[in-house]
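What follows is a set of notes on a single structure, which appears directly below.
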Amino acid sequence: MNHNGILLGKRHFLYSSAPVVEVEGWTFTIAPGFKIIAGGSANPLQTLISIYRESEKVAQLYLNHRRCDSDVTVHAVSSDLLLEIAPATRRVCVEEKL
């Protein structure tokens with residue numbers, strides 16, 4: 005994780021409002037005004053990723069880890085967001101709908 009990592013007990017969180025964030029080999033590109041908080045899952049095979057606009061959670065995703073690969077599962081996303089996932093390049097892009 006990067007310099008914005010926070011360690012709480014045994015769990016490590018990543019907090020970032022940067023436009024490009026690297027999490028567990030995946031690159032997240034987020035629109036200005038959004039924040040990403042990743043980590044904290046009690047399950048070592050999953051990484052929880054929450055995306056916020058101000059104090060409102062607008063998306064929740066999980067990175068599911070297997071031996072040699074990982075994939076993204078979308079649990080919830082706001083209807084005013086555009087979420088683009090490219091598994092081949094391990095990129096996730098989050099933008100506001102116009």
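The numbering of the sequence shown is the working numbering, which starts it at 5 and goes up by one.
For each residue, glycine too, the CB sits at the ideal point set by N, CA and C.
If you're wondering where the values come from, they're calculated on a predicted model, not measured in any experiment.
Per-residue DSSP class, three states only, for residue i
i      : result
Lys101 : coil
Ala92  : coil
Asp84  : coil
Extent of the continuous beta strand (DSSP E) to which residue i belongs
i     : result
Ala63 : Glu60 to His69
Asp75 : Ser74 to Val81
Leu52 : Gln50 to Arg57
Exposure of residue i, with buried meaning 16 or more beta-carbon neighbours within 10 Å
i     : result
Arg94 : buried
Ser83 : exposed
Val98 : buried
Leu65 : buried
Ser21 : exposed
Ser74 : buried
Beta-carbon proximity check, residue i vs residue j, cutoff 8 Å
i     : j     : result
Thr51 : Ala63 : no
Val81 : Ile89 : no
Val78 : Leu87 : yes
Pro23 : Ile34 : yes
* Asked: Fully enclosed by the segment 20-47, which beta strand (DSSP E) runs are 3 residues long or longer?
  -> 24-27, 30-34 and 38-43
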